[in-house]
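Novice: Sending over a structure as structure tokens; questions will come in a sec.
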Amino acid sequence: MTKRVCMGNEAIALGAASAGVSIVSGYPGTPSTEIIETLLNEKIPGIKVQWSTNEKTAMEVAAGAAYSGARSMVTMKQVGLNVAADPLMSLSYVGVKGGMVVVVADDPGPWSSQTEQDTRHFAKYANLPVFDPSSPEEAYEMVSYA
4 MTKRVCMGNE
14 AIALGAASAG
24 VSIVSGYPGT
34 PSTEIIETLL
44 NEKIPGIKVQ
54 WSTNEKTAME
64 VAAGAAYSGA
74 RSMVTMKQVG
84 LNVAADPLMS
94 LSYVGVKGGM
104 VVVVADDPGP
114 WSSQTEQDTR
124 HFAKYANLPV
134 FDPSSPEEAY
144 EMVSYA
């Protein structure tokens with residue numbers, strides 16, 4: 004792979020692609036939108052990318068793929084995790100056969116969201132591991148590892 008200068012969301016998208024993700028779903032909302040937009044623009048063979056009608060549906064699309072053995076990823080902003088909480092809590096106990104990464108873009112401040120929320124606490128409540136990258140390079144590496 005060639006070196007490339009990119010933002011964190013682009014690094015997440017490319018890291019997931021390099022790790023063999025086969026389906027990515029999400030709901031548009033700043034600051035997470037660029038992840039799916041990057042994958043749609045890259046047109047990487049073997050990766051199905053789709054916008055969903057809401058975050059709960061996006062979570063269920065990724066979960067369905069992961070239940071069947073595929074590697075999947077779902078993206079949303081922090082407020083969207085509240086919408087997707089029901090399937091997330093079930094997933095944390097049922098598990099998946101493939102791999103599944105839940106990417107939640109927090110908006111400290113908040114700048115583009117109606118509320119401030121730290122989803123690291125939500126992940127602890129759901130008994131799920133958290134990766135918290137501090138640079139695009141770490142974002143690429145962490146999503147590849149996840």
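For the working numbering, add 3 to where a residue sits in the sequence shown, where the first one is 1.
Backbone N, C-alpha and C fix where the C-beta goes; we use that ideal spot for every residue, glycine too.
Predicted model, so just to flag it, every value in this text is computed and none were measured.
#1: Where does the unbroken beta strand (DSSP E) through Lys80 begin, and where does it stop?
#2: Spatial neighbours of Lys59 within its chain, please: CB distance less than 7 Å, with the 5 preceding and 5 following residues excluded, ordered by chain position.
#3: Leaving out five residues before and five after Met62 in sequence, what residues of the same chain have Cβ atoms less than 7 Å from its Cβ?
#4: Taking only runs of the alpha helix (DSSP H) that begin and end inside the region 7-74, which ones reach a length of at least 4 residues, in chain order?
#5: Examine the Cβ distances between the region 46-58 and the region 18-34 and report whether three or more of them are shorter than 8 Å.
#6: Give the secondary structure of Ala87 by DSSP, where H, G and I count as helix, E and B as strand, and everything else as coil.
#7: Round the Cβ separation of Arg74 and Gly102 to the nearest angstrom and send it over; I've been treating them as touching at under 8 Å.
#8: Closest by CA to Pro31, which one among Asn12, Ser21 and Lys46?
#9: Just to check my reading of the structure: Val104 and Ala149 have Cβ atoms closer than 8 Å, yes? What is that Cβ distance to the nearest angstrom?
#10: Exposed or buried, what is Val64 when buried is set at 16 or more other beta-carbons lying within 10 Å of its beta-carbon?
#11: Indicate whether Ala68 and Leu42 have their beta-carbon atoms separated by less than 8 Å.
#12: Using CA atoms only, rank isn't needed, just tell me which of Leu84, Pro111, Glu45 and Glu144 is closest to Asn57.
#13: For the beta strand (DSSP E) that contains Val133, what are its first and last residues?
#14: In this structure, how does DSSP classify Val107 when only helix, strand and coil are distinguished?
#15: Sort Glu37, Lys46 and Leu131 by Cα distance to Val97 and report the nearest one.
Specialist: From the atom records:
#1: Arg74 to Lys80
#2: Val86, Ala87, Asp89 and Pro90
#3: Val77, Ala87, Pro90 and Leu91
#4: 11-21, 36-45 and 58-70
#5: yes
#6: coil
#7: 4 Å
#8: Asn12
#9: 5 Å
#10: buried
#11: no
#12: Leu84
#13: Val133 -> no beta strand (DSSP E), and no H or E assigned at all.
#14: strand
#15: Leu131
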